[in-house]
Amino acid sequence: MKKQIIITILFLSIIGLNSCEDFLNLSPISEMATSSYYKNDNQVEEGVIDIYDGMQAYVQIEWPLAEMRSDNSHTRAQRSEGEWQEFETMNVQTINATVSTYWAENYNVIFRANTVLANIENVSNATLKLQFEGEAKFARALSHFNLVRAFGDIPIIDKVINYNDAEYFPRDPQNEVYSFIESDLMTAIDNLPPRTGIAEGRATKGAAQAILAKVYLTIKEYSKAKALLDQVISSGDYNMLTNFHDVFYSELNKEIIFAVQFLPNDTKDSQKFSYQFTNSGLNYPTDDLMNAVDSLDLRRPTLFFWNPAAGAEPDWENGKYQPATLSQNQGNDWIVLRYADVLLMHAEAILAGAESTTDASALESFNAIRTRAGLSTVSTLTKDLLLKERRIELCFENQRLYDLIRFGVAETVMAAFSLTPEPGFEFRPTALLLPIPQREIDLYKGLAQNPGY
Amino acid sequence: MNLKEKIDGQIIKMICYIKTICNLGLIVAILLLGLCQISYGNSVNNLSAVSLSQQQEKKITGKVTDDAGIPMIGVSVIVKGTTIGVITDDEGNFSIIVPDDATVLSFSFVGMITQEVEIGNQTVFNITLKQSTTELEVVVIGYGTLKKSHLTGAISKVQNVRLEQVPTSRTEEALIGKVSGVNIQMVDASAGSAPTIRVRGIGSITADASPLIVMDGVVVSPDYLGSIDMNDIESVEVLKDASSAAIYGSRGGNGVIMITSKKGISGKAIFTFNGYNGFKYTFPKRRYKPFSTVGEWKDFVLENNNGVLTDQMRYIEILGTETRWPDVIFEEGYISNYSLSARGGSDKTKYSISGNYLRDDGVLLTDYFKKMSFRLNISTKPHKRIEIGAMINPSYSKQRKFADAIHSTLRAAPWLPIYHDENTIQYVRRNVYPDVKVGDYAMERHFDGYILPGNTTGTTISTSSSVNPVARVVELEELEYNLNLFNNLYATVFLTDGLKFTTSASASYQDRQESDWAGEKSDTKGPSGIESAYNTAIKIHLTNENIFSYNRIFGKHDISAIAGMSFEKWRITLSEIESTGFANDFIHTINAASTIAGASTEMMEESLVALISRFNYSFDERLLLSLSARYDGSSRFGADTRFGFFPAASIGWRLSQEDFIKNIGWISDLKARVSYGVTGNNAGIGYYGSIGRLEPITAILNGSKVSGFNPINISNTDLRWEKSVEWGPGIDFGFLGNRITGSIDYYNRHSKDLLLDQEIASVTGFNTATVNIGEVKNSGFEIELDGVILSTSGITWNASVNMSHNTNELIDFAGASGLITYVDSKRPAEYIALEGHPISSFYGYKYVKPIPIEWLNDPFYPINGKGQSVYVKDLNGDGVITTDDRTILGSPYPTFVWGFNNSLIVKMFDLSFTIQGSHGAKTLNMDPQYFEKHFDSQMGYKPDFPDKDLVEPRIMTDLCVQDASFVALRSINLGYSLPSEISNKVGINLARIYVSGQNLIYIMSDSYTSFNPEGVTDSESPLRGGYQVGASPVPSAVTVGLTVEF
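Residue numbers (this note's numbering), protein chains in the order written: chain A, 4 to 456; chain B, 8 to 1053.
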């Protein structure tokens, strides 16, 4: 008995007298403290990976605000069952949650990029340092570009800021935003390797060139756009697939210039847009779009999918991202930019705002799209033909609204569309810009709202 | 290093020093324990000697009367130190056989002073019992007890009188309506689900507003209330004001609920059995207001459509089926509860052992809750200066939850059958559903496209693509298993007169496993839709407390004081696995899955150190003073801010001890008191809330996963304790020889430095940042009154009433005042956080009138459909409806809550009941949106509707902000006790049979259209309180029970 007591006491003394100072100093076990991180090449690269993780968020919710706010998509959801109808009737409320989430998720990617840039000096490998800087600036520019097209003037965030850094909160004029985007993408073009030198899914020189070309088209710098697009085309890194269907259903193909990747059946890396955008009952191609597609167009079976089991009255669905299974967790990648778009942009850059052109290289680029679709080639390219081809080739790829705006016809096209019985709404030109999320204004009164809201 | 850091540094050193001493103390205690073991054999021998010895016996008789000479029935007559006892009959007479060596008889009755008499040689005793004053009543306060007469704070006590007979699976529910200032709300009425408890309103904005639960002096997790058995509870005390709760400093901010378990008593073992059995049901069908029958809807169509049925209604008429979904989804349940305990001991050793089994088969399809719990309380005095003891309390429960949401099942079309039969199978759309056969679940879509006689095209009647609601409940299986082990060991050393040292060590282990299975028929996807998820949460909580306490009376000075330290540590381990890819329904565990969709584990730790002290002083039983101070350090805060200081003071003046009151005959007791205290809260931040953290993430590159890290918060090392400062006066009184007693309290609590996940500008990359900011005020009155209404021969009637009034106000919201938020972005019914109003305020338009049905797309289908939009009031009178026409529509907090308790004894019968009422609260009820099909496109208005600008969706108006007031007969209990002369013959001390009911009457407001006005289905943020969608219905129960003591 005495022995037992002594052993007990010894044992307890060991437990009792240890490490009192540390009793309250606990460190996270399943997370890490930020302060000790981003100190070497690997750690900064993990920050770069984090940027791509962030992109997985916003690309999934972009379609309602880019595609449904066009003449391509309509919904059957009612107003009290979500925001879908707000987008379809271009009557977006200032408290619309998808809009505020899109705003926040783009700025979150910008934050992730700025975190990498803030620690870029800790990268010792000079090549990697250039690449990481390029990737971060590519992502930062792309998010600013997403935001400036959706909202107009927006705050430029060029570094990691805190919640009381109010001097960063006001909106900056669009031209300053575009200069900032241009400068970031120029660095990205200089720093990034071509497609062959980097893992699929990461930013490349070609992707940065193509995005910057789109930026230039948007701000009507046609010759600069053409120069970049010529480089992308001549690089030989990309080409058109023969079969249109394969573009969407064979991932990492040569037509993809930049895509955000997903895996099926994965709680962290699956996407929900395949389900929502196609057979959830929220989104259908408009008759207007379906009527625009020639019945002999080889793309038609890929664009529209007939799903007999889906509804009371089965309807045509968006066919580009049909889920592989009935699960909501799908693996289809989101294509941000592909080579067909580059060719069409190439034609657009040469057209340079004119009504028509017979320029051979413009026609060559344009007819490549027509040929794959099994349609006749044209000998004169008009603005209308180009816009219509873009609509069909790139429908449901979040291009349509921005194409209409860029071509300067958004008001007339949408006003005419609003009178068709399908949506039947009152179109106001101010609806072409989204409202600044109300919560942002509530939190920082200096943030001005867009007109019409 | 600044001064504060220096001081904190010193304090840490001091704490470490004291901890070392305490550890030595612990070692000494263990040493003593070891010594005790040596002598333990003796006490065991003593114990058995008592029970085995054969003794001579003698008979004693007598009569018990009260002051006025009226015979008293039901008085307990017990041989002190034994379990031998009887109760007096309806003439106050008793007769008892006592052992020859019995020395003292004890006479006790609720509300009377217990009297003890020496037996000697006497065999006849005529006893007069006196009304008790509060003099002798003892109240449990933190780290000790206090005479009720010396109390200077606001503490309410509930003695467990038959609460174990209330037919409910949750301990908290038996307490509803018993105490002022405490609002217990059945937010989820499904079997075994926890109610919420709020003491004096909601103080915190983001932090959990639940009170601290303390079991026999040890802080336990709120989940513990789900595993304890009411049969084991002696009493419950609620520390309501800050001066009382401040002794729990850091975590007393939302009040403290102290539970005292039944302990052993010296003497022969008393065995107690309590069991009841009964059935549960929910409201009669007349409550199902929102649901029209097919027939009623046909009448509506005929009346409004010029006497012509629409094709859809014609089709439904031909189909000829009807299902009342509330009758299918709500079912009768049953509840049974058995518990057996043994209590006894010797002079030195006392024990209490109990076991309990409960089964609550709830009122929803598939839900049930089963629980087993066991408890051992044992204490022994191996030496005259040492007491050691242990409490061991394992429990196990299994719960099956109602897997789908109630609103989504009840909204199914009333013509839809559950299964296909020979009739319905004829209508299946065969070109789409070729495989459907008799006996399969019916789906609305199956019935589309049927071509009515005289028509050429098919008629569509489905309004939903979902599978049958029964399939969504029965074919999903959500199970929760809980294993809880709660253990506490203590040793007390009586050092000198009045000074003792207690050290205790407790460990609780909580293991929760949840498995969720979605079977093949639960969705339209077939085997590919089968999903299985499994997750576990293991919580370990270790506590060591070391307390010195001192009690001494010097002449007119009565002093009691405590000082000590407490160390607590928590470790939480979470894991989850999700899987898909099952071939069939047979195996539900994940070994049968072909795809693991996700798997992870996570671990968190927390620690808390506290220095505790309190000083109570009473002078001449007239002037009372209580001072306490607690210093708390929490691992959740940064090194510079982790310590918080929580002082409290209260004073009292017993006016009834002063001559000028003593002369007033009808005042028997009167005390005025006032208290002030500071309490804290650290629940508003996560375990590592002050540290900027990275979480592991993955992205897909080159088609496969790569890992990275993501910053998840903005670091804020300045975060500090949230503090509540409360003051309040109170009066305790007793009139007419304490026939009427009661108390009145006022309080005013300001909660400041709220730990708030403040909404921040998203351009920072984040939507929220945890900060100390803002201020909330709660103030109110509480009244408790107890009275002996009748006390005559054969009849005793006691009644008590309690009332509470609370107002909640957001004082400062740090620049974000006016912030509008909503729970569900798809149904954005709004809340506003506006300074000057309650934290949660419903916001929206005022309803005026519906849109005339001629302007709706199709007012005649679906059944129960109502137009999505309604005309709303143009509040600013500018002729158009804009967002400026919104206003505050109410708040979810009741302003007035009351309870009325009665106990009536007539001869051997007794009756008690509790009525509770709650008024002033509103609920944001989203059910109408589903039940009335607002979202259906037919319920939209026609494109040419001229008043488009004057209407808003119903969910944005006060039609969905409904009155949540109610009055309920919470419990009623009618019993009959066997007269002692009969029960004694069969060797039973006490036998009582009873019928008990819960919620037999439940009256709710006419404007409330669902099934539980107390229901809350999203309680994530205090900014958005009182939100309900598909709240499970309030259950009623009727049970028959038996209590036997032998």
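The C-beta atom is built at its ideal place from N, Cα and C for all residues, glycine as well.
- For residue 118 of chain A, a Cβ of chain B is located within less than 9 Å of the residue's own Cβ.
- Between residue 271 of chain A and chain B, the shortest Cβ-Cβ separation is below 9 Å.
- By the beta-carbon neighbour count (other beta carbons within 10 angstroms, threshold 16), residue 433 of chain B is exposed.
- Pairing residue 1049 of chain B with residue 998 of chain B gives a Cβ-Cβ distance under 9 Å.
- Taking the Cα of residue 71 of chain A as reference, the smallest distance to any Cα among A:80, A:53, A:90 is reached at A:90.
- For a Cβ distance threshold of 8 Å, residue set 532, 535, 536, 587 of chain B lies close to residue 330 of chain A, ordered along the chain.
- With fewer than 16 other beta carbons inside 10 angstroms of its own, residue 303 of chain B counts as exposed.
- Membership of residue 409 of chain A in the alpha helix (DSSP H) is indicated by the continuous run 403-409.
- Here residue 590 of chain B carries a coil assignment [DSSP, helix/strand/coil].
- Under the three-state reduction of DSSP output, residue 90 of chain A falls in the helix class.
- Runs of beta strand (DSSP E) with 3 or more residues, each lying fully within the segment 641-674 of chain B, are found at 650-661, listed in chain order.
- For residue 53 of chain A, the chain B residues whose Cβ falls inside 7 Å of its Cβ are 704, 715, 716, 717, in order along the chain.
- Contact note: residue 204 of chain A reaches chain B through 707, 708, 709, using a C-beta cutoff of 7 Å and chain order.
- Looking from the CA of residue 854 of chain B, the closest CA among B:863, B:837, B:959 belongs to B:959.
- Judged by DSSP in its simplified three-state form, residue 80 of chain B adopts coil rather than helix or strand.
- Within chain B, 704, 705, 706, 715, 717 have C-beta atoms less than 8 Å from the C-beta of residue 56 of chain A, given in sequence order.
- Taking the C-beta atoms as reference points, residue 752 of chain B is found nearer than 9 Å to residue 248 of chain B.
- In terms of CA proximity to residue 731 of chain B, B:208 leads the group B:605, B:208, B:441, B:265.
- Taking 9 Å as the cut-off, the Cβ atoms of residue 734 of chain B and residue 684 of chain B count as close.
- In the three-state DSSP reduction, residue 384 of chain A falls in the strand class (E or B).
- Of all alpha-carbon atoms in B:519, B:523, B:526, B:620, the one lying nearest the alpha-carbon of residue 579 of chain B is that of B:519.
- Taking a Cβ-Cβ threshold of 9 Å, the residues of chain A close to residue 825 of chain B are 445, in chain order.
- The three-state reading of DSSP puts residue 299 of chain A in coil, since its state is none of H, G, I, E or B.
- In this structure, B:498 is the residue among B:842, B:616, B:498 with its C-alpha nearest to the C-alpha of residue 386 of chain B.
- Residue 973 of chain B is bridged by DSSP to B:925, B:1011.
- Three or more Cβ pairs closer than 8 Å define a contact, and the segment 965-976 of chain B meets that threshold against the segment 1006-1016 of chain B.
- The C-beta distance from residue 246 of chain B to residue 265 of chain B rounds to 7 Å, short enough to meet the 8 Å contact threshold.
- Chain A places a beta carbon closer than 9 Å to that of residue 608 of chain B, counting this residue as a contact.
- Residues of chain A with a Cβ closer than 8 Å to the Cβ of residue 582 of chain B do not exist; the shortest Cβ-Cβ separation is about 11 Å.
- When only Cα atoms are considered, residue 79 of chain B and residue 121 of chain B end up about 13 Å apart.
- Contact with chain A is found for residue 774 of chain B, since one of that chain's Cβ atoms lies less than 9 Å from the residue's Cβ.
- Against chain A, the CB of residue 649 of chain B has a partner CB under 9 Å away; the residue lies at that interface.
- The C-alpha of residue 676 of chain B is placed about 33 Å away from the C-alpha of residue 982 of chain B.
- The Cβ of residue 969 of chain B sits no closer than 9 Å to any Cβ of chain A.
- In this structure, residue 908 of chain B keeps its C-beta atom at 9 Å or more from the C-beta atom of residue 65 of chain B.
- For residue 383 of chain B, same chain residues with a beta-carbon under 6 Å away, outside a window of 5 residues either side, are 360, 399 in chain order.
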